[in-house]
Amino acid sequence: MIISFMLIPSCEDQMSFLPGGGTSADNQGVTSTYDMKLEQKDDYYRATVSIDVRNDSNDSWNELLFYFEHYLQPFDIKVTVNGDEAETRQVQSRFAIDLDDYIRPNDRAVVELSYQFYPGETGSVQAIRPWYPLLGNYVQGEWQVFESNDTYNMMARLVKSDYTLTYDLPGKQVITSSGEKVDESTIEIEDTDVFSTIVMPEEINEIETTVGDTNVLSVNVQPSDVEIALEKIEQLEAIIGPYPGDQLIFVEDELQTMFNSPGTFVHRTNMQGSGESGWMVYELIQLWYDSIHLEDPQTDLWIKNVLAAMTLETFNGGVNAEALRSQMDEEVEYVLPVNLHREDYNNDEIHLFTQVLPRAALWELIEENWQDENEQDAPKQFLSEFSNEFMGKQISTEEMAEFLCEYFAITEEELHNYIVIE
Numbered sequence: 308m309i310i311s312f313m314l315i316p317s318c319e320d321q322m323s324f325l326p327g328g329g330t331s332a333d334n335q336g337v338t339s340t341y342d343m344k345l346e347q348k349d350d351y352y353r354a355t356v357s358i359d360v361r362n363d364s365n366d367s368w369n370e371l372l373f374y375f376e377h378y379l380q381p382f383d384i385k386v387t388v389n390g391d392e393a394e395t396r397q398v399q400s401r402f403a404i405d406l407d408d409y410i411r412p413n414d415r416a417v418v419e420l421s422y423q424f425y426p427g428e429t430g431s432v433q434a435i436r437p438w439y440p441l442l443g444n445y446v447q448g449e450w451q452v453f454e455s456n457d458t459y460n461m462m463a464r465l466v467k468s469d470y471t472l473t474y475d476l477p478g479k480q481v482i483t484s485s486g487e488k489v490d491e492s493t494i495e496i497e498d499t500d501v502f503s504t505i506v507m508p509e510e511i512n513e514i515e516t517t518v519g520d521t522n523v524l525s526v527n528v529q530p531s532d533v534e535i536a537l538e539k540i541e542q543l544e545a546i547i548g549p550y551p552g553d554q555l556i557f558v559e560d561e562l563q564t565m566f567n568s569p570g571t572f573v574h575r576t577n578m579q580g581s582g583e584s585g586w587m588v589y590e591l592i593q594l595w596y597d598s599i600h601l602e603d604p605q606t607d608l609w610i611k612n613v614l615a616a617m618t619l620e621t622f623n624g625g626v627n628a629e630a631l632r633s634q635m636d637e638e639v640e641y642v643l644p645v646n647l648h649r650e651d652y653n654n655d656e657i658h659l660f661t662q663v664l665p666r667a668a669l670w671e672l673i674e675e676n677w678q679d680e681n682e683q684d685a686p687k688q689f690l691s692e693f694s695n696e697f698m699g700k701q702i703s704t705e706e707m708a709e710f711l712c713e714y715f716a717i718t719e720e721e722l723h724n725y726i727v728i729e
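Residue 712 in the numbering used here sits at position 405 of the sequence shown; the count goes up by one each step and never skips.
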């Protein structure tokens with residue numbers, strides 16, 4: 308096997324990222340506005356989505372690419388572009404609309420989709436992960452949506468859009484993970500790349516409270532479970548800083564498996580068990596790191612993998628960095644860079660080289676560079692500093708390397724001794 312390495316510029320020479328860390332996650336090649344309607348039809352939903360798309364790039368487009376959840380299994384899909392029927396292609400969660408006429412720079416097009424879908428098995432509350440096509444960003448001549456069944460934040464860079472959601476769901480109410488109600492059946496959501504939708508009976512139990520600057524809305528949740536959730540949020544904020552959003556929704560449903568989606572945490576009834584509580588912490592951590600936009604989801608994923616795992620380990624009391632590194636030295640026969648394209652790793656390699664090894668290296672760096680007596684504060688300070696720099700922003704492997712260089716006051720050659728970057 309031949310492995311090539313490219314050393315990163317030293318932190319002394321590379322200070323191009325924005326003050327405060329990271330780069331803006333604003334749209335680069337696309338502007339879009341959504342007007343959507345959700346209706347109840349027997350035991351399924353009917354969705355109508357109109358998208359006004361403007362080409363802000365220097366290229367002409369013959370297709371539009373979206374992330375469209377494969378699990379949704381939409382049916383009776385009809386698509387028009389500027390009033391004319393359009394052909395579509397879906398490979399896994401990558402949804403393409405072919406254009407008969409090019410959308411040229413600065414031109415606009417109106418895309419209209421109608422389709423139906425079943426919400427899946429749920430109890431009284433339906434927490435629907437993104438049920439609408441998420442338009443990818445267009446950067447450096449490419450649509451940033453890739454063929455995969457992974458979640459949107461692992462396989463796409465999305466456009467931030469303004470949304471108007473109207474719903475006709477008799478006997479039910481709707482809340483979203485961001486946005487404001489403008490009347491009884493309309494929600495407006497501004498400058499957001501993705502949101503989740505909660506559909507519930509009008510009489511459902513809600514508990515509203517705050518943690519720091521975050522409004523926490525608990526839906527159908529037992530008061531004792533609300534207390535557990537709020538305690539976990541406060542503990543995580545002490546490690547990685549304030550939750551990077553204005554609103555966080557907790558949903559409790561006896562038929563749901565545990566998952567998180569934008570600004571929303573869904574779990575089964577009763578969070579009293581230690582195992583359930585542990586899963587809650589892991590899923591909550593993902594909500595923090597979901598706010599970070601990867602410049603290239605195919606090569607930069609290691610950043611989120613490593614930091615989310617380190618946050619959980621810090622929550623649980625930390626690790627023995629020397630023992631972890633010693634174990635890696637004994638078990639690892641060869642080393643690959645952390646930022647290869649995901650498809651360039653085999654199934655065993657991707658976890659090892661994009662999480663286990665760089666995580667061990669960061670723990671070692673933290674331990675070697677901490678001078679104060681209270682060693683437990685070291686990982687908290689590192690994670691908090693990272694949060695201050697990058698939460699809610701875009702990050703690349705190069706910017707992460709610059710941050711590590713500066714934080715630990717080391718050169719690129721010294722960093723290369725710990726983490727191999729292509």
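Heads up, the beta-carbon is just placed ideally off N, CA and C, and yes, glycines get one too.
The structure presented is a predicted model; accordingly, all values stated were derived computationally and were not measured.
Looking at the structure shown, is Arg411 part of a helix, part of a strand, or coil, going by DSSP? It is coil, neither helix nor strand.
For Pro665, name the three-state secondary structure that DSSP assigns. In the structure shown, the three-state DSSP call for Pro665 is helix.
Kindly indicate the opening and closing residues of the alpha helix (DSSP H) around His574. Per DSSP, His574 is not a residue of any alpha helix (DSSP H); the beta strand (DSSP E) it occupies stretches across 571-574.
By DSSP, does Thr458 sit in helix, in strand, or in coil? In the structure shown, Thr458 sits in coil (DSSP, three-state: anything other than H, G, I, E or B).
Spatial distance of Leu690 from Thr395 (CA atoms): Those two C-alpha atoms are separated by around 43 Å.
Exposed or buried, which one is Glu778 when buried takes at least 16 other CB atoms within 10 Å? The structure shown does not extend to residue 778, since the chain is modelled only from 308 to 729, so the question has no answer here.
Is DSSP giving Ala393 helix, strand or coil here? In the three-state reduction of the DSSP assignment, Ala393 falls in the coil class.
Leu555 beta carbon less than 8 Å from that of Thr504: Cβ atoms of Thr504 and Leu555: not closer than 8 Å.
Whole-angstrom distance between Val558 and Ser581, CA atom to CA atom: Residue confidence is low: Ser581 scores 49 on pLDDT, short of 50, so the model does not pin down where it sits. Its coordinate-derived value is still stated next. So the alpha carbons of these two residues sit roughly 19 Å apart.
Going along the chain, which residues of its own chain have a beta-carbon closer than 6 Å to the beta-carbon of Val523, five neighbours each way excluded? Here the set comprises Thr516, Leu555.
Simplified DSSP state of Trp670, which is helix, strand or coil: Helix, per DSSP.
Out of Leu543, His648, Phe572, Phe502, which has the shortest C-alpha to C-alpha gap to Tyr341? Of all alpha-carbon atoms in Leu543, His648, Phe572, Phe502, the one lying nearest the alpha-carbon of Tyr341 is that of Phe502.
Continuous alpha helix (DSSP H) stretch holding Asp636: start and end: That run of the alpha helix (DSSP H) goes 628-638.
Quick one: what's got a C-beta closer than 6 Å to Leu372's C-beta in the same chain, skipping five residues either side? Same-chain partners within the cutoff: Ala403, Gly443, Trp450, Val452.
Selected residue, minimal CA-CA separation from Ala615, among Gln634, Arg401, Ile546: For Ala615, the nearest C-alpha among the options comes from Ile546.
Among Asn512, Ile358, Asn646, the one whose alpha carbon lies nearest that of Asn527: Checking every option, the nearest Cα to that of Asn527 belongs to Asn512.
Outcome for His600 when other beta-carbon atoms lying within 10 angstroms are tallied against a minimum of 16: In this structure His600 is buried. Its beta-carbon is surrounded by 16 or more other beta-carbon atoms within 10 angstroms.
How is Phe693 classed by DSSP in three states: helix, strand or coil? It is helical.
Under 8 Å, with one C-beta from each stretch per pair, do the segment 469-476 and the segment 382-391 reach the 3-pair mark? No, the segment 469-476 is not in contact with the segment 382-391.
On the DSSP bridge assignment, give the partners of His600 in chain order. Beta-bridge partners of His600 (DSSP): Gln701.
CB of Val613 to nearest heavy atom of the ligand HEM: below 7 Å? Among the components of this structure there are no ligands whatsoever, and the ligand HEM is therefore not found.
Go ahead and pull the three-state DSSP assignment for Phe660. When DSSP states are grouped into helix, strand and coil, Phe660 belongs to the helix group.
When Gly336, Gln701, Glu696 are compared against Glu713, the one with the closest alpha-carbon: Nearest to Glu713 by alpha-carbon distance, out of Gly336, Gln701, Glu696, is Glu696.
Of the listed residues Asp597, Tyr589, Leu643, nearest to Met617 (C-alpha basis): Closest by C-alpha distance to Met617, out of Asp597, Tyr589, Leu643, is Tyr589.
Relative to the C-alpha of Arg666, which residue among Gln688, Lys611, Gly624 is closest? Minimum Cα distance to Arg666 is reached at Lys611.
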